[in-house]
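Student: Take this structure first; my questions come after.
Protein chains in written order, with my numbering: chain A, 147 to 491; chain B, 147 to 491.
Here it is as structure tokens:
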């Protein structure tokens, strides 16, 4: 029996058609861009097309149904009755396709995502391995030359090191953002040559056994303008305040608030426009959330980032991000590389 | 004035809310996971959150509106009247959010995707550069040792070479599938050590200026079992038959049919379970389609793959894929590396 499907089944009021590829992967192990699982009280069926059928045959505890590539048109023809669907994932077009088949459709949200938020030991082990790789990356970077190299060159050095250290891929494209570019929270590494007296934000995540890690450190290439030096100090205090608030039962909005207050008090609140953190697992952004917009309550086994940033347009930016397991005995910080400001040359 | 937005506007019966990140990028150049464009007769507004606002300020021909991260809840509050939306992209949950705001919503499909299918010269130039990189990769591979190396090791060699040759990223994770693994059309490179007398499918695409390329060649490590050798010969004939059918006005289902007939006639039809090809551009799978399920008509400036495959479970597989521009003077094959069976050691 598949425990994850069994856990999901207990939460259902009607059969659920799981169509998010990540949720399908969580329930079955199958990695596919075109698959769905229908979880019913007495059985679970896995639908996919020819391309994934061979891999799908290895999945235990489900009945495999191979369909043409246009899965949802066929599901509309073959399924009947009352069925829940993943409203946060299914497109309106697919909803219409299913509805045209006469199904009684019930919009459900976050059922599998809720299960995914609490990691089991095997999942935590994979995430810990990814975080250990990140730690090694930042230690190596501290010994690297930055000034005179392009962001893209450094990003590739990081990517090569990730591979060498056993990562199976990237959680997201490596971010190396220097000088004024560091004022863009989501910058792509470019041909900009890193200069002296700048901050360089390095945001790296890798994939181990399907699970993501995520870590950010900000390096400095020589003496900083006072505003940026102060921003780093404020950001670090905010980050540590946020960390101490991570505990089972904590409210994500409140944890965000605790870190944000530090930055607000320093008069830099306007310069911290994103949320404090997010869950990390099969996806690099998933439940639970530490921000003002999506309420979450932390629980043991959650894995979250704590990552305040301060961005000064035209000048530069700083961000410090740890990856943390929410534990009953306090937060377990996986990204143990130093958060002291590291000067590189 | 932004020509792409202007072209889109001419096709609209009501204002369109463009929410697919790729479509937003096509219209504005902005790369963002959380942005939308509302195209109205007399103006276009770009909505995004803090993280992308700095980059969005550089977009010409649109009014920038910075919103909190939960864009759609705010759009529901602020927009009114009759508005089209991208039914093939918008989730049912977001549809519900918008509908709750009292908007009169009209489901539209493929409007921007239809524009994207016909590439302009700048887009073709980027795709040609990507294809040229792929050609170089396959030439280098022909001189590499395969036997005794893992799939993962070869995949990394390819990834490193792509970077060195100027690619900005991968269109999709490199596929190196050897021996029985080659019977899985979408296999991840693993720790399998490549042996003698096997086929090795190498499917590679890279990104240049945001545009994808896509190419597959099948190598052989010594003498093949007769079934596989024959499969390669049949696959190549099918691929060339498909290529000759690529022309403006051609029906995608018919082009697929022409290649499929060759494989059917050889008695291997059951072993070619996927479509013949797909469009390639900002996405590696986009309009138009060459398969039995999604009707398309080819037009000048389309870029498509032609990629039959034959998969023999337990034994191995073959796939041969070219990237082709649909031209009025005939197909322009961008992937010019040899399709003769190349033996590696």
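Using N, Cα and C, we set each Cβ at its ideal position, and we do this for glycine too.
(1) Can you pull the chain A neighbours of residue 172 (chain B), defined as C-beta to C-beta under 8 Å?
(2) For residue 318 (chain B), which three-state DSSP category applies?
(3) Is the distance from the Cβ of residue 330 (chain A) to the Cβ of residue 461 (chain A) below 8 Å?
(4) With 8 Å set as the bound, which would you pick, yes or no: does the beta-carbon of residue 400 (chain B) sit closer than that to a beta-carbon of chain A?
(5) I'd like to check one pair, residue 426 (chain A) with residue 370 (chain A): are the Cβ atoms closer than 8 Å?
(6) Report yes or no: do three or more beta-carbon pairs, one from the region 269 to 285 of chain A and one from the region 176 to 189 of chain A, lie closer than 8 Å?
(7) Going by C-alpha to C-alpha distance, which of A:414, A:218, A:457 sits closest to residue 245 (chain A)?
(8) What residues of chain A sit near residue 233 (chain B), judged by a beta carbon separation below 8 Å?
(9) Quick check on residue 349 (chain B): buried or exposed, where buried means 16 or more other Cβ atoms within 10 Å of its Cβ?
(10) Looking at the secondary structure, which residues open and close the beta strand (DSSP E) in which residue 194 (chain B) lies?
(11) Given residue 250 (chain A), which residues of its chain have a CB within under 6 Å of its CB, disregarding the five upstream and five downstream residues?
(12) Can you tell me the Cα-Cα spacing of residue 212 (chain B) and residue 439 (chain A), whole angstroms?
(13) Residue range of the alpha helix (DSSP H) that residue 418 (chain A) falls in?
(14) Just to confirm before moving on: does the CB-CB distance between residue 352 (chain A) and residue 279 (chain A) stay below 8 Å?
(15) Opposite residue 465 (chain A) in the DSSP bridges: which residues?
(16) Buried or exposed: residue 324 (chain A), going by 16 or more other Cβ atoms within 10 Å of its Cβ?
(17) So is residue 330 (chain B) in contact with chain A if we call contact Cβ pairs under 8 Å?
(18) Is the CB of residue 357 (chain A) under 8 Å away from at least one CB in chain B?
(19) Are the CB atoms of residue 423 (chain B) and residue 446 (chain B) nearer to each other than 8 Å?
(20) With a cut-off of 8 Å, does the C-beta of residue 216 (chain A) fall near any C-beta of chain B?
(21) Identify every residue that forms a DSSP beta bridge with residue 474 (chain B).
(22) Taking the alpha carbon of residue 220 (chain A) as the reference point, which residue from A:434, A:194, A:295 has its own alpha carbon closest?
(23) On the three-state DSSP scale, how would you describe residue 407 (chain B)?
(24) Roughly how far, in whole angstroms, is the beta-carbon of residue 153 (chain A) from the beta-carbon of residue 207 (chain A), given that I think they are within contact range, below 8 Å?
(25) Locate the alpha helix (DSSP H) running through residue 167 (chain B), then write down its first and last residues.
(26) Flag residue 248 (chain B) as yes if its beta-carbon sits less than 8 Å from any beta-carbon of chain C, otherwise no.
(27) Could you compute how far the alpha carbon of residue 310 (chain B) sits from the alpha carbon of residue 286 (chain B)?
(28) Suppose the cutoff is 8 Å on Cβ atoms and the five residues either side in sequence are ignored; what does the same chain contact list for residue 334 (chain A) look like?
(29) So what does DSSP say about residue 447 (chain B), is it helix, strand or coil?
(30) Using CA coordinates, which residue listed in B:268, B:453, B:224 is at the minimum distance from residue 248 (chain B)?
(31) Is residue 428 (chain B) closer than 8 Å to residue 168 (chain B) when the C-beta atoms are compared?
(32) CA-CA distance, residue 241 (chain B) and residue 243 (chain A)?
(33) Could you name the residues of the same chain whose beta carbon sits closer than 6 Å to that of residue 215 (chain B), not counting the 5 residues immediately before and after it, in chain order?
(34) Given that residue 343 (chain B) touches chain A, what residues does it touch there, using C-beta distances under 9 Å?
(35) Check the C-beta distance from residue 391 (chain B) over to residue 404 (chain B) and give it rounded, since I have them as a contact under 8 Å.
(36) For residue 482 (chain B), collect the residues of the same chain with a Cβ closer than 7 Å to its Cβ; drop the 5 residues on either side in sequence, then sort them by chain order.
Tutor: Taking the definition as stated:
(1) The premise fails here: residue 172 (chain B) is roughly 17 Å from chain A at the closest Cβ pair, so nothing lies under 8 Å.
(2) coil
(3) no
(4) no
(5) no
(6) no
(7) A:218
(8) 237, 238, 239, 242
(9) buried
(10) 190 to 194
(11) 228
(12) 15 Å
(13) Counting along the chain, residue 418 (chain A) falls outside any alpha helix (DSSP H), and DSSP gives it neither H nor E.
(14) yes
(15) A:455
(16) buried
(17) yes
(18) no
(19) no
(20) yes
(21) Residue 474 (chain B) is not bridged to any residue.
(22) A:194
(23) helix
(24) Actually they do not touch by this definition, with Cβ atoms about 12 Å apart.
(25) 167 to 174
(26) In the displayed structure, chain C is absent; the protein chains listed are A and B.
(27) 13 Å
(28) 319, 321
(29) coil
(30) B:224
(31) yes
(32) 15 Å
(33) 195
(34) Near residue 343 (chain B) there are no residues of chain A at all, since even the closest Cβ is about 21 Å away, more than 9 Å.
(35) 5 Å
(36) 281
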